[in-house]
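A short write-up of the structure that comes next.
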Amino acid sequence: MEFSVKSGSPEKQRSACIVVGVFEPRRLTAVAEQLDEISEGYISNLIRRGDLEGKAGQMLLLHHVPNVLSERVLLVGCGKERELNERQYKEILTKTIKTLNETGSMEAVCFLPELHVKGRDTYWKVRQAVEATQHSLYTFLQLKTKKGEPRRPLRKMVFNVPTRKELPAGERAVVHGMAVAAGVKITRDVANMPPNICNPKYLWEQAQLLGEQYDSVTTEVVDEAQMAELAMNSYLAVGRGSHNESMMSIIKHNGGTADQAPIVLVGKGLTFDSGGISIKPGAGMDEMKY
180 MEFSVKSGSP EKQRSACIVV GVFEPRRLTA VAEQLDEISE GYISNLIRRG DLEGKAGQML
240 LLHHVPNVLS ERVLLVGCGK ERELNERQYK EILTKTIKTL NETGSMEAVC FLPELHVKGR
300 DTYWKVRQAV EATQHSLYTF LQLKTKKGEP RRPLRKMVFN VPTRKELPAG ERAVVHGMAV
360 AAGVKITRDV ANMPPNICNP KYLWEQAQLL GEQYDSVTTE VVDEAQMAEL AMNSYLAVGR
420 GSHNESMMSI IKHNGGTADQ APIVLVGKGL TFDSGGISIK PGAGMDEMKY
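See below:
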């Protein structure tokens, strides 16, 4: 997926699809009003007719809107303007991306980062848009023989910001959003692997790959002999239920300054929670891995 940011007016966008918002009840956003004006009321007539109420998550895809350069216009319901919060903004983005990916639009210009979200700036809105895009399009295909995907999947997203002076913040948000999304993807891939593949050794190998890919990352492993020396007896006891050797992976990211205090995240590193499956109710057990 390719991401970029720009600052421009909607009537000048030539793309497979342009994405604009509609508030409830049937009220066009400022960007949608600009498209409505150049289309001589085409959009407002549809809204007035009841084709879209503007409730959060509603979608209406329009083709060949008069005088609009883009092939499609996707109207996105954003709910009530004053009630738009962080959670709702993310949910709207997620549904927007899923809809775009099914339309055959391989690229799109999205004006949703121009929406007002209380207490949040352009950087936050663009970064969330990037992360939502990557998360929405995630599929786990490693173990599938037929890797089905849309015939014309979404390949490029352009996020529009209100002014040119906000472009640097938007560009920084794209870089950070892609980094976070890449980390989430690795985690989801590992979590989706069955335990007969994703054992402690496999987990350690994935950590090693990170160390090879990034200069700022170093890795090490604690094996059973070292665990015994450290008196990690509870950890070793759990591992004795498997024929696989217990291994604890340690990943260090050295990206901060010398005066910054370290942040330590500790996980169990278990690849099969047999105790959890035996003790807890079966309903929703598959959700434990997330």
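If you number the sequence shown the way this note's numbering does, the last residue is 469 and the count never jumps. All C-beta atoms, glycine included, are put in the ideal place defined by N, C-alpha and C. Note that the coordinates shown come from a computational prediction; the quantities given were computed from them, not determined experimentally.
If you count every other CB in all the chains shown that lies within 10 Å of the CB of residue i, and 16 or more means buried, which is it?
{"i": "A407", "result": "exposed"}
{"i": "E219", "result": "exposed"}
{"i": "Q192", "result": "buried"}
{"i": "D402", "result": "exposed"}
{"i": "K447", "result": "exposed"}
{"i": "G256", "result": "buried"}
{"i": "G356", "result": "buried"}
{"i": "Q439", "result": "exposed"}
{"i": "T366", "result": "exposed"}
{"i": "N280", "result": "buried"}
{"i": "T342", "result": "exposed"}
{"i": "T301", "result": "buried"}
{"i": "Y268", "result": "buried"}
{"i": "S425", "result": "buried"}
What does the alpha-carbon distance come out to for the pair residue i and residue j?
{"i": "S428", "j": "L322", "result": "24 angstroms"}
{"i": "G229", "j": "T273", "result": "24 angstroms"}
{"i": "A437", "j": "V443", "result": "16 angstroms"}
{"i": "V445", "j": "S188", "result": "47 angstroms"}
{"i": "Q387", "j": "R330", "result": "35 angstroms"}
{"i": "I430", "j": "E350", "result": "28 angstroms"}
{"i": "L294", "j": "V417", "result": "50 angstroms"}
{"i": "L239", "j": "I197", "result": "12 angstroms"}
{"i": "S421", "j": "N375", "result": "11 angstroms"}
{"i": "L254", "j": "R205", "result": "11 angstroms"}
Is residue j closer than 8 angstroms to residue i when the C-beta atoms are compared?
{"i": "S186", "j": "N339", "result": "yes"}
{"i": "E265", "j": "V296", "result": "yes"}
{"i": "R471", "j": "E190", "result": "Absent from the model: residue 471. The displayed extent of the chain is 180 to 469, so no value can be given."}
{"i": "I276", "j": "S315", "result": "yes"}
{"i": "L389", "j": "T398", "result": "yes"}
{"i": "V288", "j": "V337", "result": "yes"}
{"i": "F202", "j": "E260", "result": "yes"}
{"i": "V305", "j": "V353", "result": "yes"}
{"i": "G298", "j": "E270", "result": "no"}
Which residues does DSSP pair with residue i in a beta bridge?
{"i": "F451", "result": "Bridge partners of F451: none, in fact."}
{"i": "V337", "result": "S183 and V288"}
{"i": "H242", "result": "R251"}
{"i": "I197", "result": "V252 and V288"}
{"i": "F319", "result": "Looking at the DSSP assignment, F319 forms no beta bridge with any residue, so it has no partner."}
{"i": "I429", "result": "E399"}
{"i": "R206", "result": "F202"}
Three or more beta-carbon pairs under 8 angstroms between the stretch 302–320 and the stretch 213–233, yes or no? no
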